[in-house]
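Enquirer:
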Amino acid sequence: MAELTLEQKTARNIEVDLKGREVRITWADGYRSVYGLNYLRQICPCAVCNAQRRNQDPLRVLKPDQIVTKAELRAERPVEMVGNYALQFFWADGHNVGLYSFEFLREKSPGTGFT
Numbered sequence: 398m399a400e401l402t403l404e405q406k407t408a409r410n411i412e413v414d415l416k417g418r419e420v421r422i423t424w425a426d427g428y429r430s431v432y433g434l435n436y437l438r439q440i441c442p443c444a445v446c447n448a449q450r451r452n453q454d455p456l457r458v459l460k461p462d463q464i465v466t467k468a469e470l471r472a473e474r475p476v477e478m479v480g481n482y483a484l485q486f487f488w489a490d491g492h493n494v495g496l497y498s499f500e501f502l503r504e505k506s507p508g509t510g511f512t
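FYI, the numbering for the sequence shown is 398 to 512, going by this note's numbering.
Structure (structure tokens):
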């Protein structure tokens, strides 16, 4: 993948829709990304989640308490900006160490297109 330009990795507007269970980002280049909460939780960039994904056995049977059916953000504090470069999500399951850089989010964008 080609390196992103500054405009491509600069967020101009960020909307967190707890009812709709999505985060919408409009980028400086006019592109708009919509991320479902389940998707964001699945791609958490923290070291623990990366290690779990790396060591995942596709044939392993999960116990019922290991199945995440619906990722939720904490209503009282769903997300915070980290400097000018990342978002930190506060998940209802207590997880909050992943820093989602804007570059990471743009690279992982399921996208919707240009506005």
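Yeah, the Cβ is synthetic: ideal placement off N, Cα and C, and Gly gets one too.
Measuring only the C-alpha atoms, how far is T512 from G491?
Expert: Here residue 512 corresponds to residue number 115 of the sequence shown, with the count starting at 1. Here residue 491 corresponds to residue number 94 of the sequence shown, with the count starting at 1. Taking the straight line from one Cα to the other gives about 35 Å.
Enquirer: Please classify R474 as buried or exposed, where buried requires at least 16 other C-beta atoms within 10 Å of its C-beta.
Expert: As a first step, residue 474 must be located in the sequence shown, where it is residue number 77. Exposed, by the Cβ-count rule.
Enquirer: With DSSP run on the structure shown, which of helix, strand or coil describes Q484?
Expert: In the sequence shown, residue 484 corresponds to position 87, counting from 1. A small fix is needed here, since residue 484 is Leu in this sequence, not Gln. Residue state, collapsed to three classes: strand.
Enquirer: Between the beta-carbon of Y524 and the beta-carbon of F487, is there less than 8 Å?
Expert: Summary: the structure shown does not reach residue 524, with the chain confined to residues 398 through 512, and so no result is reported for it.
Enquirer: Excluding five sequence neighbours on each side, which residues of the same chain lie with their C-beta closer than 7 Å to the C-beta of T509?
Expert: For the purposes of this step, residue 509 is taken as residue 112 along the sequence shown, with counting starting at 1. Cβ neighbours of T509 beyond the five flanking positions: R429, S430, V431.
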